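Peer 1: Pasting a structure here, questions to come.
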Amino acid sequence: MAYIATLGDQTHTIEVQELEADHVYRIVIDGKERIVDGRQLSAHMYSLLVEDQSFTIDVTEKDDQYTVSCEGKTFQFSLLDERRALRPGEGGSSGVGDTEVRSLMPGKIVEILVSVGDEVEQDQGVLIMEAMKMENEVRASTTGTVKAILVAEGQAVEAGELLLELE
């Protein structure tokens, strides 16, 4: 399963695959792979073995917001599965007044569905992006006019990169 995690102003892609061995997972964060042995100790406590290092973490969750405490440090982040993250209103675009459409994950622009000057409606598809071997339609989260298209078909983009602007 693939996820989008937002920690402060940074967005990360996370892919989790359970391996054949019990409690062993292949986790890829922004392209960097790790094998993790993870076991639940109690309702909120987990034991993780990552590259021969042992960690005990406390995880609390409310809606899609998570708080993780580990080794005296606390991190708060949101976590959505990739399909939900690309839905309008779920994080598919962000910015002042929702006029900036940004990539939530690394990928490649497959097709641009609009041109500068086009009027778009909320939830209208503005481009197709391939990410994690899936084509995803990126939609406008507000009604407006396409002010600028900052990518080209075939272009590779990073998570958080500005794709187009509306006004």
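Residue numbers (the working numbering): 2 to 168.
From the three backbone atoms N, C-alpha and C, an ideal C-beta is built for every residue, glycine too.
Being a predicted model, the structure only gives us computed values, none of them experimental.
Who does M135 pair with in a DSSP beta bridge?
Peer 2: Taking the sequence shown and counting its residues from 1, one reaches residue 135 at position 134. Residue pairing by DSSP puts M135 in a beta bridge opposite A132.
Peer 1: Go to T146, then tell me how far its beta strand (DSSP E) extends in each direction, as first and last residue.
Peer 2: Here residue 146 corresponds to residue number 145 of the sequence shown, with the count starting at 1. Per DSSP, T146 belongs to the beta strand (DSSP E) from 145-150.
Peer 1: Below 7 angstroms CB to CB, which residues in the same chain sit around H24 once its five sequence neighbours on both sides are set aside?
Peer 2: Against the sequence shown, residue 24 aligns to sequence position 23. Hits under 7 angstroms: D38, G39, R40.
Peer 1: Quickly, what does DSSP pair L80 with across the bridge? List them, please.
Peer 2: Along the sequence shown, one-based indexing puts residue 80 at 79. According to DSSP, L80 bridges with A6.
Peer 1: So, is A169 buried or exposed, given that buried needs 16 or more other C-beta atoms within 10 angstroms?
Peer 2: Given that the chain is displayed from residue 2 to residue 168, the structure contains no residue 169 and the question cannot be resolved.
Peer 1: Would you mind reading off the limits of the beta strand (DSSP E) that contains M106?
Peer 2: Position 105 of the sequence shown holds residue 106. Here M106 belongs to no beta strand (DSSP E), and DSSP marks it neither H nor E.
Peer 1: Buried or exposed: S142, going by 16 or more other Cβ atoms within 10 Å of its Cβ?
Peer 2: Position 141 of the sequence shown, counted from the first residue, corresponds to residue 142. Under this definition S142 is a buried residue.
Peer 1: So that I know if they touch, is there some Cβ in chain B lying closer than 7 angstroms to that of Y47?
Peer 2: Although the question refers to chain B, the structure presented lacks it and comprises just one protein chain.
Peer 1: Are Y47 and I58 closer than 7 angstroms when you measure CB to CB?
Peer 2: Numbered from its first residue, the sequence shown carries residue 47 at position 46. Numbered from its first residue, the sequence shown carries residue 58 at position 57. It is a contact, given that the beta carbons lie within the stated cut-off.
Peer 1: Drop a sphere of 10 angstroms on the beta-carbon of D10, count the other beta-carbons inside from all chains shown, and report buried for 16 or more, exposed for fewer.
Peer 2: Here residue 10 refers to the residue found at position 9 when the sequence shown is read from its first residue. Its Cβ having fewer than 16 others within 10 Å, D10 is exposed.
Peer 1: Rank L42, T12, A44 by C-alpha distance to the C-alpha of D31 and give the top, closest one.
Peer 2: Against the sequence shown, residue 31 aligns to sequence position 30. If we check each option's Cα against that of D31, T12 comes out closest.
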